[in-house]
Structures are given as C-alpha cells and as structure tokens.
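Residue numbers (our numbering): 977 to 1178. The next block holds one structure in the form of structure tokens; read it before the comments.
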C-alpha cells in the first residue's frame, strides 16, 4: 500500500481543487512561509480522523473550511481525500485503488467516505489500523509542535502528547461510561426500594 495522491478542496488555504501527487520514494514539501505547507499536514491529519481543532491550529472544527480572501469568496464545504495504491492487497478491500475522504460543511454536517461510499470514522480507523496510518500509529508532527514540546511546562507537554495520541477521546468515553454506570446503579437502587416496598405490602 502506498499513498499516491492527496486531493484538497475548500480546506484552509486551498480554496479550489488541488491534487498533490506522491511518487514512490521520499517526498519533500518545501516553500516559503505562509504558502500552505502546514495546511497539507493538517489535511492529512484531518482526513485520518483528527477531532481536535487545536491540533489543526484552529479554534473550532469549521475553521478548516476556506474563509475567503482577496478575490476569493468563502466556500461552504471542505473536502480532503487520500488516495492509496492497494495493488499489494495491504488493505482488505477488493480495490486496486482506495480513496479515504472526509467532508465537512458549514452547517456542521461531517461525513467520511470510502471509495465515495459513506462510512463511519470507526470504519476508516479499523481499515487503517496496523498500516502505519491508523489511530495506533505515529502522529504527524509539525515544527511548531516540536517547539511547543520543548518549551511548554511538563503538565502541558503531557496534555499535548495525550491529545496527539487520542487519549482524550478515550478519557471522555470512560467518563461517559462511568456516568452511565452510576445512573444504572441509582436506577437499580430505586428498583430495590420498590421491590422491598411491594414485598412489605404483600
């Protein structure tokens, strides 16, 4: 499996449709400050399921949608696709080419697509797990993140690592599950009280 192309439309500074081909071997993305290099790494992180606007250098997820510029109107949808050559069958799909897409509209509607068919984020993560691109893989690190890791306090550095590794998502799920367990325990206690009350009346 090999990444062959990155397609962007309406994502951050990429207002129109842009295709970036990746040949075999090493690919370097170079250019002057402000030309969009960091937005390319953000796009890869985003299409792979990044849920933190902070790690995408924004305040809210809608910030990834092109906001407009001199001579260019804002767009309403951001879309990014990663195109993989799957000729070696690394991905368990009967396709020579696999396209993973994420789309977000200003209305907040978000969707993931696999070869243009709607799927869940979990489906994308399960597909890519173990390939070096899944949720358990190394993360995309930018220069500014490395600088932040070197300069921030230990507690903030730990929070950045946890966020990058997706631990925050699991912590939130754990809290939600614990809250549901507490609610269920309270419901069971109320049922026990009702059963006891009924038994005393019989």
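For glycine and all other residues, C-beta sits at the position ideal for the given N, C-alpha and C.
Original post:
Over what stretch of residues does the beta strand (DSSP E) that includes residue 1059 continue unbroken?
Top reply: Along the chain shown, one-based indexing puts residue 1059 at 83. Under the DSSP assignment, residue 1059 falls in the beta strand (DSSP E) whose first and last residues are 1053-1061.
Original post:
Alpha carbon to alpha carbon, what distance is there between residue 1131 and residue 990?
Top reply: Position 14 of the chain shown, counted from the start, is the residue given in the question as residue 990. Position 155 of the chain shown, counted from the start, is the residue given in the question as residue 1131. Taking C-alpha positions only, residue 990 is separated from residue 1131 by approximately 35 Å.
Original post:
For residue 1032, which of 1012, 1178, 1051, 1045 has the nearest alpha-carbon?
Top reply: As a working note, residue 1032 is residue 56 in the chain shown. Answer by Cα proximity: 1012.
**OP:** For the beta strand (DSSP E) containing residue 984, list its first residue and its last residue.
**Re:** As a working note, residue 984 is residue 8 in the chain shown. Per DSSP, residue 984 belongs to the beta strand (DSSP E) from 978-985.
Original post:
Where does residue 1176 sit, in a helix, a strand or coil, going by DSSP?
Top reply: Counting from one through the chain shown, the residue named residue 1176 turns up at place 200. The three-state secondary structure of residue 1176, taken from DSSP, is helix.
Original post:
Which of helix, strand or coil does DSSP assign to residue 1005?
Top reply: Numbered from 1 along the chain shown, position 29 holds the residue referred to as residue 1005. Coil, per DSSP.
Original post:
Can you check whether the CB of residue 1077 is closer than 8 Å to the CB of residue 1089?
Top reply: As a working mapping, residue 1089 is identified with position 113 in the chain shown. As a working mapping, residue 1077 is identified with position 101 in the chain shown. In contact: residue 1089 and residue 1077 (Cβ atoms closer than 8 Å).
Original post:
Does the beta-carbon distance from residue 1062 to residue 977 come in below 8 Å?
Top reply: Residue 1062 sits at position 86 when you count from the first residue of the chain shown. Residue 977 sits at position 1 when you count from the first residue of the chain shown. Yes, these two residues count as a Cβ contact at 8 Å.
Subject >> residue 1067 vs residue 1074 beta-carbon contact at 8 Å >> reply: Position 91 of the chain shown, counting from 1, holds the residue named residue 1067. Position 98 of the chain shown, counting from 1, holds the residue named residue 1074. For the pair residue 1067 and residue 1074, the CB atoms are nearer than the 8 Å cut-off.
Original post:
Counting contacts by CB-CB distance shorter than 8 Å, is residue 977 in contact with chain B?
Top reply: No chain B is part of this structure, which consists of one protein chain only.
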